[in-house]
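S.K.: Residue numbers (the numbering used here): -1 to 333.
For each residue, glycine too, the CB sits at the ideal point set by N, CA and C.
What follows is a single structure, and I will ask about it in a moment.
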Amino acid sequence: MSRYAAVHAHPQGVGDARPTALQIIHDEGLEGKLVGKVIVITGASSGIGLETARALSATGATLFLPARNVTTAKASLAGILEPGRVTLIEMDIASFASIRAGAAAILAQSNNHVNVLINNAAVMGLQELTFTEDGHETHFATNHLGHFLLFQLLKSALLRSSTPEFRSRVVVVASSGQRACDLSESDNYNFQKSEYNHSQAYSNSKLANVYMANELDRRYGPIGLHATSVHPGGIHTNIGRNLSKEVVEQIMSNKAFAPMLKSPEQGAATTVVAAVGHEWEGKGGRYLEDCAEAKRGEDDGSPFSIGYVRQTYDPVKEGRLWRDSLAIVGIEDDL
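As structure tokens, then:
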């Protein structure tokens, strides 16, 4: 049982006894203990990504933080940026060309050494169907395809950096939104066959996050590279900026949902557990929430419920999505 099970049993809302990301680092005894390790975190300039970076910086690890707007990121990360150790990398995760350029910069500056990749950046709530410069629906492209390509470009470094003492890890930040879809059709990623719905688009991308982690661990776990997906919890961050004020207020004021809400510092805790927690050394292929592996939930289709559901683990669909993604980003399968 997780050491944090008791404090998650009866949540009391933002700032309650549930752990923060920095508490995880303290409890794991990792302050200053990861010097020489290299961690890449997307979406680190705000929200839970920012708190993830702050916590992992305390380990002494070298951090590379891709950001679309470097000027904005410099301001928000001013407290932890450190020449030669905590570095911003210009990268738009919605652009394949930008990802390739950013990945090349990371590999050059890290001497092809990466121990942990945290796929955290995301968009949500785009009210109209929009496409990236590469021609893909924006939620799916940003939340899944961009991170899938980034992993492929850093994969050799992750495998090369894995050691018996610290197996390399990929953490994919998903969402309980994965409970509300099933990715049953590989020819509808761009809503070619159905009417666009922003909630469905987000859910599709979040289940894709889970499937990426599951398949990644299946393929590379036996050779020292593991992956997990995590649901950080309900957190009010700027990811909701595309939703109407009324919708946000309705969600935040829901009396049943309010006790479940976390601060960004608390929301980053499960990511940190997955990235450096001792419990997940040499393990993966699981969906985490509340700092532990998620338990079986109800198949109710609700994005506000907890637990994994029927579609969370599906080797056939996971393999199909992986092959589809390889074709979309233009990478050949190496298995």
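Quick check on DSSP: helix, strand or coil for Val121?
M.R.: In the sequence shown, counting from the first residue as 1, residue 121 sits at position 123. Note: Val121 maps to coil in three-state DSSP.
S.K.: In its own chain, which residues sit with a C-beta less than 6 angstroms from the C-beta of Met258, not counting the 5 before and 5 after it?
M.R.: As a first step, residue 258 must be located in the sequence shown, where it is residue number 260. Here the set comprises Pro9, Gly232.
S.K.: Of all the beta strand (DSSP E) runs that stay within the bounds of the stretch 160 to 185, which reach a length of 3 or more residues?
M.R.: Runs of the beta strand (DSSP E) inside the stretch 160 to 185: 166 to 171.
S.K.: Under 7 angstroms from any heavy atom of the ligand SAH, does the C-beta of Gly280 make it?
M.R.: With respect to the ligand SAH, the structure offers nothing, as it holds no ligand at all.
S.K.: Tell me whether Phe94 sits in a helix, a strand or coil according to DSSP, three-state version.
M.R.: On the sequence shown, residue 94 is found 96 positions in, with the first residue counted as 1. Residue state, collapsed to three classes: helix.
S.K.: So what's Ser203 in DSSP terms, helix, strand or just coil?
M.R.: By one-based count along the sequence shown, residue 203 stands at place 205. Of the three classes helix, strand and coil, the one that applies to Ser203 here is helix, per DSSP.
S.K.: What residue from Asp332, Glu29, Ile326 has the CA that sits closest to Gly133's CA?
M.R.: On the sequence shown, position 135 is the one that residue 133 refers to. The residue with the shortest Cα to Cα distance from Gly133 is Ile326.
S.K.: Could you give the first and the last residue of the continuous alpha helix (DSSP H) run that contains Ser55?
M.R.: As a working mapping, residue 55 is identified with position 57 in the sequence shown. 45 to 55 is the span of the alpha helix (DSSP H), which, as asked, contains Ser55.
S.K.: Relative to the C-alpha of Ala199, which candidate in His137, Asn113, Val307 has its C-alpha closest?
M.R.: Looking up residue 199 in the sequence shown gives position 201. Here the closest residue by C-alpha is His137.
S.K.: Specify whether the stretch 274 to 284 and the stretch 174 to 189 touch according to this definition: at least 3 beta carbon pairs, one from each stretch, less than 8 angstroms apart.
M.R.: These segments do not touch.
S.K.: Lys153 and Ser173 - do their beta-carbons sit closer together than 8 angstroms?
M.R.: On the sequence shown, position 175 is the one that residue 173 refers to. On the sequence shown, position 155 is the one that residue 153 refers to. Not closer than 8 angstroms, so no.
S.K.: As a quick exercise: from Lys35, Leu181, Ala119, pick the residue whose alpha carbon is nearest that of Val170.
M.R.: Against the sequence shown, residue 170 aligns to sequence position 172. Checked all of Lys35, Leu181, Ala119; the closest Cα to Val170 is Ala119.
S.K.: By the three-class DSSP mapping on this structure, what secondary structure does Thr269 have?
M.R.: Along the sequence shown, read from residue 1 onward, the residue named residue 269 stands at position 271. In this structure, Thr269 counts as helix in the three-state DSSP scheme.
S.K.: Given Thr269, which residues of its chain have a CB within under 8 angstroms of its CB, disregarding the five upstream and five downstream residues?
M.R.: The residue you call residue 269 lines up with position 271 of the sequence shown. Closer than 8 angstroms at the Cβ level, and outside the excluded window around Thr269, lie Ala19, Ile46, Thr50, Ile116, Asn118, Val169, Val171, Val228, Pro230.
S.K.: For the putative contact between Ile22 and Ala206, defined by C-beta atoms under 8 angstroms, what is the C-beta separation to the nearest angstrom?
M.R.: Position 24 of the sequence shown, counting from 1, holds the residue named residue 22. Position 208 of the sequence shown, counting from 1, holds the residue named residue 206. About 26 angstroms; that fails the 8 angstroms criterion.
S.K.: With a 10 Å radius around its C-beta and 16 neighbouring C-beta atoms as the bar for buried, classify Arg16 as buried or exposed.
M.R.: The residue labelled residue 16 in the question sits at position 18 within the sequence shown. Per the 10 Å Cβ criterion, buried.
S.K.: Is it a yes or a no for the stretch 23 to 42 touching the stretch 282 to 296, going by three-plus beta-carbon pairs under 8 angstroms?
M.R.: Short answer: they don't touch.
S.K.: Are Arg217 and Leu151 touching if we call contact CB-CB under 8 angstroms?
M.R.: Reading the sequence shown from its first residue, position 219 is the one you call residue 217. Reading the sequence shown from its first residue, position 153 is the one you call residue 151. No, they are not a contact pair.
S.K.: Whose C-alpha, out of Ser182, Ser197, Ile87, is nearest the C-alpha of Val314?
M.R.: Along the sequence shown, read from residue 1 onward, the residue named residue 314 stands at position 316. Nearest C-alpha to Val314: Ser182.
S.K.: Using C-beta distances below 6 angstroms, list every residue in its chain close to Pro64, excluding the 5 sequence neighbours before and after it, in chain order.
M.R.: The residue you call residue 64 lines up with position 66 of the sequence shown. Hits under 6 angstroms: Thr40, Ile87, Met89, Gly100.
S.K.: From the DSSP secondary-structure annotation, give me the bridge partner or partners of Ser227.
M.R.: Reading the sequence shown from its first residue, position 229 is the one you call residue 227. Bridge partners of Ser227: Val170, Tyr285.
S.K.: Which term fits Val33, buried or exposed, when burial requires 16 or more other beta carbons within 10 angstroms of its beta carbon?
M.R.: Taking the sequence shown and counting its residues from 1, the one referred to as residue 33 is at position 35. Counting Cβ neighbours within 10 Å, Val33 comes out exposed, since fewer than 16 surround it.
S.K.: Classify Ala106 as buried or exposed, calling it buried when 16 or more other Cβ atoms lie within 10 Å of its own Cβ.
M.R.: Position 108 of the sequence shown, counted from the first residue, corresponds to residue 106. Counting Cβ neighbours within 10 Å, Ala106 comes out exposed, since fewer than 16 surround it.
S.K.: Is DSSP giving Pro81 helix, strand or coil here?
M.R.: Taking the first residue of the sequence shown as position 1, residue 81 is located at position 83. Three-state result, Pro81: coil.
S.K.: Leaving aside the five residues before and after Gly58 along the sequence, list all residues of the same chain whose C-beta is less than 6 angstroms from its C-beta, in chain order.
M.R.: Stepping through the sequence shown from its first residue, residue 58 is reached at position 60. Within the same chain, Gly58 has close Cβ partners Gly30, Leu32, Val33.
S.K.: How big is the Cα-Cα spacing for Tyr306 and His196?
M.R.: Residue numbering aside, residue 306 sits at position 308 when the sequence shown is read from its first letter. Residue numbering aside, residue 196 sits at position 198 when the sequence shown is read from its first letter. The alpha-carbon atoms of Tyr306 and His196 are separated by roughly 22 angstroms.
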